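Heads up: the sequence shown begins at 4 in this note's numbering, then just goes up one per residue. Even for Gly, the Cβ is constructed at its ideal location relative to N, Cα and C. Given the structure is predicted, the values throughout are model-derived calculations rather than measurements. For reference, the structure discussed in these notes is given below.
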Amino acid sequence: MSKKSYKSGFVSIVGRPNVGKSTFLNRVVGQKIAIMSDKAQTTRNKIQGIYTTKEEQIIFIDTPGIHKPRHRLGDFMVDSALSSFKGVEVILLMVNATEKRGPGDNFIIEKLKDSSTPVFLVINKIDEVHPDKLFAIIEDYKTTMDYAEIVPISAKEGNNVQTLLAQVKKYLPEGPQFYPEDQVTDHPEYFIISELIREKVLELTREEVPHSVAVVVEGIERNENDKVQVHAAVIVERSSQKGIIIGKGGKMLKDIGIRARKDIEILLGDKIYLDLWVKVQKDWRDRQTNLQDYGYRKDDY
4 MSKKSYKSGF
14 VSIVGRPNVG
24 KSTFLNRVVG
34 QKIAIMSDKA
44 QTTRNKIQGI
54 YTTKEEQIIF
64 IDTPGIHKPR
74 HRLGDFMVDS
84 ALSSFKGVEV
94 ILLMVNATEK
104 RGPGDNFIIE
114 KLKDSSTPVF
124 LVINKIDEVH
134 PDKLFAIIED
144 YKTTMDYAEI
154 VPISAKEGNN
164 VQTLLAQVKK
174 YLPEGPQFYP
184 EDQVTDHPEY
194 FIISELIREK
204 VLELTREEVP
214 HSVAVVVEGI
224 ERNENDKVQV
234 HAAVIVERSS
244 QKGIIIGKGG
254 KMLKDIGIRA
264 RKDIEILLGD
274 KIYLDLWVKV
284 QKDWRDRQTN
294 LQDYGYRKDD
304 Y
């Protein structure tokens with residue numbers, strides 16, 4: 004009897020900001036590789052999450068939420084998301100069950116209509132709506148285009164996530180295992196560490212410091228006490244933001260560090276010492292050189 008063939012392929016997750024794409028990705032790979040925040044547009048680069056079993060390997064690309072760009076960083080994020088439609092086996096259009104279909108969803112659907120790639124409609128956050136409402140949501144989206152599959156899920160609770168993975172598998176071609184089975188992302192640790200720190204900044208500073216924050220990990224080394232030392236700079240656009248992030252007597256920066264350290268220790272499986280400081284770089288989001296320095300490179304898409 005011939006050995007069952009291995010399947011592998013790439014799957015793009017697209018949707019408006021804040022529909023739960025990162026929550027879904029973290030659920031599938033079983034650990035935190037994408038940052039989660041209730042602020043829109045927190046994912047800035049395409050993050051590849053890798054799901055591997057004995058029969059298949061699915062490489063997920065989590066894209067920035069597609070929105071109307073207001074500065075160069077915004078342009079980068081939208082271009083990055085749209086470019087992920089190329090060369091994938093399946094596109095998952097994720098929508099939020101708790102919100103009516105809006106201009107943002109319609110904008111993405113228009114972009115997807117010309118795609119020759121199968122598009123799944125993934126209705127997320129079904130744990131937050133009454134089951135009776137689901138039928139109307141599905142019927143509404145059915146009027147917009149033909150979807151290869153329609154799968155309601157709760158990324159947060161895990162409902163139907165395995166069903167969705169089983170459906171995706173049907174569309175995968177036979178192929179090699181691209182990554183080792185224990186690898187969950189193709190991003191270097193520096194990138195994920197900087198994202199984990201940025202998540203804590205967004206969590207703790209709320210409205211005062213919106214998206215004018217970048218984090219650059221400037222070095223990782225093991226010290227004489229066998230602790231891993233991580234040196235990172237939090238970049239802001241104005242000195243008033245620097246004051247907010249440092250906080251009274253340095254308390255805010257300390258809290259950011261304590262929370263980020265816990266996540267980084269889980270990621271690295273090691274005790275770490277986190278050295279954090281804050282730098283002001285005026286209007287960095289509109290400067291191409293700064294965007295490149297902080298990891299937003301044109302050759303990513």
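Span separating the alpha-carbon of residue i from that of residue j
i      : j      : result
Trp280 : Val219 : 10 Å
Lys230 : Glu192 : 16 Å
Leu137 : Gly18  : 18 Å
His133 : Pro106 : 24 Å
Ile64  : Asp143 : 27 Å
Gln180 : Ile61  : 9 Å
Glu102 : Asn228 : 51 Å
Phe194 : Lys245 : 22 Å
Arg104 : Met255 : 38 Å
Lys173 : Glu58  : 12 Å
Gly252 : Ile140 : 50 Å
Asp41  : Ser243 : Reliability of the predicted coordinates at Asp41 is poor, the pLDDT of 44 falling under 50, and no value is obtained from them.
Same chain only: Cβ atoms within 7 Å of residue i, ignoring 5 sequence neighbours per side
i      : result
Arg264 : Ile275 and Leu277
Arg30  : Ala158, Gly161 and Val164
Asp273 : Val231
Asp108 : Arg19 and Val98
Nearest-angstrom beta carbon gap, residue j and residue i [assumed within contact, 8 Å]
i      : j      : result
Leu95  : Ser15  : 7 Å
Lys145 : Ala100 : Their Cβ separation, rounded to whole angstroms, is 15 Å, which puts Lys145 and Ala100 out of contact at 8 Å.
Thr208 : Ile156 : Wrong, their Cβ atoms sit about 31 Å apart, outside the cutoff.
Lys10  : Leu175 : 4 Å
Arg241 : Val283 : 7 Å
Contacting residues, own chain, Cβ-Cβ under 8 Å from residue i (five flanking each side not counted)
i      : result
Phe123 : Val93, Ile94, Leu95, Leu96, Tyr150, Ala151, Glu152, Ile153, Val154, Leu167, Gln170 and Val171
Ile111 : Val17, Gly18, Arg19, Ile69 and Leu96
Lys257 : Gly250
Gly318 : Residue 318 is absent from the structure shown; the chain starts at 4 and stops at 304.
Arg262 : Lys203, Glu206 and Leu207
Met148 : Ile112, Leu115, Lys116 and Val122
Glu221 : His234, Ala235 and Ala236
Beta-carbon proximity of residue i to residue j, cut-off 9 Å
i      : j      : result
Asp135 : Glu160 : no
Val32  : Gly12  : no
Val216 : Val233 : no
Ile196 : Ala236 : no
Ile259 : Ile200 : yes
Val91  : Thr120 : yes
Residue-chain proximity (residue i, chain B), Cβ-Cβ < 9 Å
i     : result
Asn99 : Considering every chain present, this structure includes no chain B. It has just one protein chain.
6 Å Cβ shell around residue i - same chain, five flanking residues per side excluded
i      : result
Ser8   : Glu177
Asn226 : Gln232
Tyr182 : Ile53
Leu28  : Ala37, Gly52, Phe63 and Asp65
Residue i: first and last residue of the uninterrupted beta strand (DSSP E) it sits in
i      : result
Pro155 : Glu152 to Pro155
Gly222 : Ala217 to Arg225
Asp278 : Ile275 to Val283
Where the alpha helix (DSSP H) through residue i begins and ends
i      : result
Leu205 : Glu192 to Thr208
Gly178 : From DSSP, Gly178 is part of no alpha helix (DSSP H); its letter is neither H nor E.
Val32  : Lys24 to Val32
Ala139 : Pro134 to Lys145
Gly12  : First-last for Gly12: Lys10 to Val17, but that is the beta strand (DSSP E), not the alpha helix (DSSP H).
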